[in-house]
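Quick note on this note's numbering: the sequence shown kicks off at 22 and runs consecutively. Below is one structure, written out as structure tokens, with a few remarks after it.
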Amino acid sequence: VRLEGVSKRFVLQHHKARSFQELVVNLAHRRNGGREEFWALRDVSLSVAPGETLGIIGENGSGKSTLLKLISGILEPTAGRVRVEGKVSALIELGAGFHPDLTGRENIYLNGAILGLGRREMARRFEEIVAFAELERFIDTPVKHYSSGMYMRLGFAVAISVDPDILIVDEVLAVGDEAFQRKCLERIADLRRRGTTVIFVSHVLPLVEQLCDRAVWLERGVIRARGDARAVVRAYQTAVECAAVDGAEGKTGPAGGPAAVPAAPAPPGADGTASPPGLEVRAVRLLDADGTERYSFRTGETLVARLSYQGSGAVEAVVLGIAVRRSDGLLVYRADSGPRPAPAPGETAQAEVVFPDLPLLPGTYDLTADAWPAGGRPPGELADGPACRFSVWSDRAEAGIVALSPRWTVGGTAAPAAAGAAAPAG
């Protein structure tokens, strides 16, 4: 698959002429009747090698589905060239190619004809398609009575049955139940092993990392990043988290990272007084083990929180505190530094909190930091200052909030379990 300088334009009609007379008047006065040009893609160039799996990510409306339709031949580009070599099987829209009044059986043969297979060939594959879709009881029912999940199962079963050279899969897999999704992913993995080229669109980013060799990040119809799937996904996650914080606070943090949320007034200390003016954490940045600023981390990686704080003339010793909360507000962790010498009035100092083996499981979290005079707050007070939002991803088969790294005893032998390892059959 090769795209060379491809652009796609749509014309949006906001107001249609209600009569022939109005149409003539609009033409005479060169009015466009509320027409607007919308460029879904602009100057997109990319290639997909035989046997490669390419993931396409981006927010809704970024041009992902338009790109797939150009590759599959459903749309023609406004500019540029699309070259595709090989048999293409596409699952882009739920129920595309199905006739609602025909039964599942009849639609299998109809879709086979659309994909270039004769009736005899589809008859040979029929039982396998029905078994994969798990629709034996409903195969002679008109598909207009199918649920969205049944639509997807039948469409996917037909799409993979034709042994395509190129398989195009859009987000439609999201409507299936977990067991069927797993079966679909196993079949995609099998096709990959057999050399099928796969182009995969999904908002489930860990899935893109798991399945894809490379990824392309589209933003408003333009390629924002391309390359190793894991690196592109991390860049996209960081941008999403930054945008979420920037949108909430209306400003940008250091080096394009999330802005620190303005600190709320400090909670009163044990003596009922707030922290002295000037004593505060000014900024929080998140770094990896190499010192690169990031806001997306993998479970088990090193996360470094770098705090910049300012001193006050009325304080000789300062305590720094951090808290990690899940995005829904659940407290995950809280700790403080204990008393430390305070910087001189107006002077800015730095401190780092290092998590050498981040135990958090996938999710979105907020790390907040604060500073207060030693002895000025009761033990256990939560940090309530500037915040950084970050995301965590993982390829481990675990669920929850933290990775506990248990040891399993099987057959009398104790050994550390490999993360995400499945038990042998039987």
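Backbone N, C-alpha and C fix where the C-beta goes; we use that ideal spot for every residue, glycine too.
Kindly indicate the opening and closing residues of the beta strand (DSSP E) around residue i.
{"i": "residue 227", "result": "Taken as a continuous stretch (DSSP letters only), residue 227 belongs to no beta strand (DSSP E), being part of the alpha helix (DSSP H) at 226-232."}
{"i": "residue 178", "result": "Segment 169-182 is the alpha helix (DSSP H) holding residue 178; no beta strand (DSSP E) there."}
{"i": "residue 386", "result": "384-394"}
{"i": "residue 244", "result": "243-249"}
{"i": "residue 218", "result": "218-222"}
{"i": "residue 328", "result": "324-331"}
{"i": "residue 373", "result": "369-376"}
{"i": "residue 200", "result": "Not the beta strand (DSSP E): residue 200 falls in the alpha helix (DSSP H), residues 199-214."}
{"i": "residue 362", "result": "352-362"}
{"i": "residue 301", "result": "301-308"}
{"i": "residue 74", "result": "74-78"}
Return the residue from the list the options that minimises the CA-CA distance to residue i.
{"i": "residue 97", "options": "30, 173, 152, 261", "result": "30"}
{"i": "residue 378", "options": "321, 175, 166", "result": "321"}
{"i": "residue 201", "options": "316, 423, 177", "result": "177"}
{"i": "residue 333", "options": "318, 303, 163", "result": "303"}
{"i": "residue 374", "options": "391, 166, 364, 77", "result": "391"}
{"i": "residue 381", "options": "419, 364, 360, 358", "result": "419"}
{"i": "residue 238", "options": "231, 226, 232", "result": "226"}
{"i": "residue 58", "options": "33, 220, 113", "result": "33"}
{"i": "residue 222", "options": "41, 184, 142, 86", "result": "86"}
{"i": "residue 383", "options": "357, 347, 164", "result": "347"}
{"i": "residue 103", "options": "308, 230, 365, 25", "result": "25"}
{"i": "residue 246", "options": "426, 425, 76, 431", "result": "76"}
{"i": "residue 354", "options": "387, 337, 336, 368", "result": "387"}
{"i": "residue 174", "options": "128, 219, 185", "result": "128"}
{"i": "residue 218", "options": "170, 232, 224", "result": "232"}
{"i": "residue 360", "options": "350, 336, 159", "result": "336"}
{"i": "residue 109", "options": "125, 119, 90", "result": "90"}
{"i": "residue 146", "options": "182, 249, 131", "result": "182"}
{"i": "residue 83", "options": "133, 93, 74, 61", "result": "61"}
{"i": "residue 350", "options": "153, 27, 140, 410", "result": "410"}
{"i": "residue 230", "options": "205, 251, 107", "result": "251"}
{"i": "residue 365", "options": "429, 331, 431", "result": "331"}
{"i": "residue 111", "options": "132, 180, 312", "result": "180"}
Just how far apart, CA to CA, sit residue i and residue j?
{"i": "residue 305", "j": "residue 406", "result": "10 Å"}
{"i": "residue 67", "j": "residue 236", "result": "11 Å"}
{"i": "residue 362", "j": "residue 329", "result": "14 Å"}
{"i": "residue 415", "j": "residue 259", "result": "15 Å"}
{"i": "residue 172", "j": "residue 156", "result": "10 Å"}
{"i": "residue 445", "j": "residue 216", "result": "Model confidence at residue 445 stands at a pLDDT of 43, short of 50, so the residue's coordinates are unreliable; what they give is reported in the following sentence. Computed Cα separation, rounded: 28 Å."}
{"i": "residue 71", "j": "residue 210", "result": "15 Å"}
{"i": "residue 22", "j": "residue 69", "result": "5 Å"}
{"i": "residue 340", "j": "residue 300", "result": "10 Å"}
{"i": "residue 314", "j": "residue 254", "result": "16 Å"}
{"i": "residue 244", "j": "residue 307", "result": "26 Å"}
{"i": "residue 412", "j": "residue 121", "result": "42 Å"}
{"i": "residue 318", "j": "residue 425", "result": "17 Å"}
{"i": "residue 88", "j": "residue 256", "result": "21 Å"}
{"i": "residue 234", "j": "residue 249", "result": "6 Å"}
{"i": "residue 158", "j": "residue 119", "result": "19 Å"}
{"i": "residue 161", "j": "residue 168", "result": "15 Å"}
{"i": "residue 327", "j": "residue 356", "result": "15 Å"}
{"i": "residue 137", "j": "residue 191", "result": "21 Å"}
{"i": "residue 140", "j": "residue 184", "result": "16 Å"}
{"i": "residue 149", "j": "residue 408", "result": "54 Å"}
{"i": "residue 7", "j": "residue 126", "result": "Missing from the structure shown is residue 7; the chain here goes from 22 to 447 and no further."}
{"i": "residue 95", "j": "residue 372", "result": "56 Å"}
{"i": "residue 74", "j": "residue 213", "result": "7 Å"}
{"i": "residue 154", "j": "residue 93", "result": "23 Å"}
{"i": "residue 21", "j": "residue 40", "result": "Nothing in the structure corresponds to residue 21, since the chain is present only between 22 and 447."}
Can you name the start and end residues of the alpha helix (DSSP H) that residue i belongs to?
{"i": "residue 130", "result": "125-135"}
{"i": "residue 89", "result": "85-93"}
{"i": "residue 151", "result": "140-154"}
List the whole-angstrom C-beta distance separating residue i from residue j, where the pair is believed to meet the contact cut-off of C-beta under 8 Å.
{"i": "residue 113", "j": "residue 189", "result": "6 Å"}
{"i": "residue 79", "j": "residue 207", "result": "At roughly 26 Å, the Cβ-Cβ gap does not stay under 8 Å, so residue 79 and residue 207 are not in contact."}
{"i": "residue 323", "j": "residue 310", "result": "4 Å"}
Between residue i and the ligand SAH, is the CB less than 8 Å from at least one heavy atom?
{"i": "residue 240", "result": "Judged by which ligands are present, the structure shown has none, so any question about the ligand SAH falls away."}
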